[in-house]
Amino acid sequence: MIGRKLAVLAALSAGVLCGAEKIELNSVNAWERQYGVTEKEGVLSIPGKCSFTMKEFFPVDPAKTYTLQVSARSGNGQKASFMPTVSQYDAKGRLICVFNTKIIPGTFTELAAPCKAGNTLLVVKNAEQWQKGRPLVLAFHAKEDNSDLPNYTLSWNTVKGMEKKGDVWEVRLDRALTFSAAAGTKLRLHENGDTMYPAGGRITGNSWQTLKGEIKGMEKDSYSHNRWAPGAVKAKLHFLMNDNNENAITELKNISIEIK
14 MIGRKLAVLA
24 ALSAGVLCGA
34 EKIELNSVNA
44 WERQYGVTEK
54 EGVLSIPGKC
64 SFTMKEFFPV
74 DPAKTYTLQV
84 SARSGNGQKA
94 SFMPTVSQYD
104 AKGRLICVFN
114 TKIIPGTFTE
124 LAAPCKAGNT
134 LLVVKNAEQW
144 QKGRPLVLAF
154 HAKEDNSDLP
164 NYTLSWNTVK
174 GMEKKGDVWE
184 VRLDRALTFS
194 AAAGTKLRLH
204 ENGDTMYPAG
214 GRITGNSWQT
224 LKGEIKGMEK
234 DSYSHNRWAP
244 GAVKAKLHFL
254 MNDNNENAIT
264 ELKNISIEIK
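Counting in the numbering used here, the sequence shown tops out at residue 273, every number present.
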């Protein structure tokens, strides 16, 4: 037992928690950006609207099951929202969001002419499945087998209009592009969206409520709340607290991530 505890402590000092079957997060010291959070007998008290993240990473293994659990209640009679989320990171330490991995099927194409930063016109080989008026994310330097995911060469935009001219499509965008790309550059469309919240969220009451959720497996070309995103190698638990009531104080206890 002593040797096991020493192994966990060694992993923590390296910045990545490895080999632990259960991660307990009921101490203020387990969290960064604490925003006035206090602790008493294993209960955290969180005042006002804030978000905070666990200090240490834990590794992502798609073959294992990660069970997240937390209990919450109002600490001052003020009802408020609380939501545990999971932040995912790639091998370079970059945050992975919905727009980095969730493709819109059938939208893969390539530039038939170069585009320049500041332009609002794209000339592509095929825009048949692109939708006018839909907010979207343009993912450049895409690969047809999706091996570029997570993709970070992105431009947020909306299609104002499209017209097929001979063998190419002219796509008019609502906003100017922020970078240039050569003819032949592959691209596809991605969805925009939120982050991973495997246990959902809830509004507190005076009694303890428990949220529980599981994560297992990995998506190929999407993003979900109970499967890891493509390219995820490590993660952190993150809380969104009292978003709808800045006067609330919310209490949390029994915060844990079980890995098996």
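Ideal placement from N, C-alpha and C gives every residue a C-beta, glycine not left out.
Assignment of T223 by DSSP, reduced to helix, strand and coil, places it in the strand class.
For T217, there is no enclosing alpha helix (DSSP H), as DSSP gives it neither H nor E. As DSSP reads the structure, Y79 sits in a beta bridge with I228, I272. Here V111 carries a helix assignment [DSSP, helix/strand/coil]. In the three-state DSSP reduction, N239 falls in the coil class, being neither helix nor strand.
Bounds of the beta strand (DSSP E) holding E52 are 51–53. Per DSSP, reduced to three states, the secondary structure at N257 is coil, with no helix or strand assignment. A straight-line Cα-Cα distance of about 49 Å links L265 and R185. Spanning the alpha carbons of D256 and Q142 requires a straight line of approximately 37 Å. Minimum Cα-Cα distance from G90 among the listed residues G226, V137, W221 corresponds to W221. Using a Cβ-Cβ distance cut-off of 8 Å, the stretch 193–203 and the stretch 144–158 are in contact, since at least three pairs of beta carbons, one from each stretch, lie closer than that value. Between P75 and M231 the beta-carbon gap is near 4 Å, inside 8 Å, which marks them as a contact. Counting C-beta atoms within 10 angstroms of its own C-beta, K115 has 16 or more neighbours from the protein chains shown and is therefore classed as buried. Judged by beta-carbon spacing, P97 lies within the 8 Å limit of A212, meaning their Cβ atoms are closer than that value.
For a cut-off of 8 Å, the C-beta gap from I117 to H238 is around 19 Å, too long to register as a contact.
In this structure, DSSP gives N267 an extended state, which the three-state scheme calls strand. Nearest to L57 by C-alpha distance, out of Q101, V137, A85, L250, is A85. The C-beta of R240 has 16 or more other C-beta atoms within 10 Å across all chains shown, which makes the residue buried.
Here P60 is bridged, per DSSP, to I262.
Under DSSP, S94 shares a beta bridge with I216. Look at N170 here: in three-state DSSP terms it is strand. Taking 8 Å as the cut-off, the Cβ atoms of Y102 and I272 do not count as close.
In this structure, V99 keeps its C-beta atom at 8 Å or more from the C-beta atom of V246. Counting only residues of its own chain and dropping the five nearest sequence neighbours on each side, T217 has a CB closer than 7 Å to the CB of A85, R86, S87, K92, A93, F95, T263.
Taking C-alpha positions only, V172 is separated from D187 by approximately 6 Å. Between the alpha carbons of S193 and K68 lies a distance of about 38 Å.
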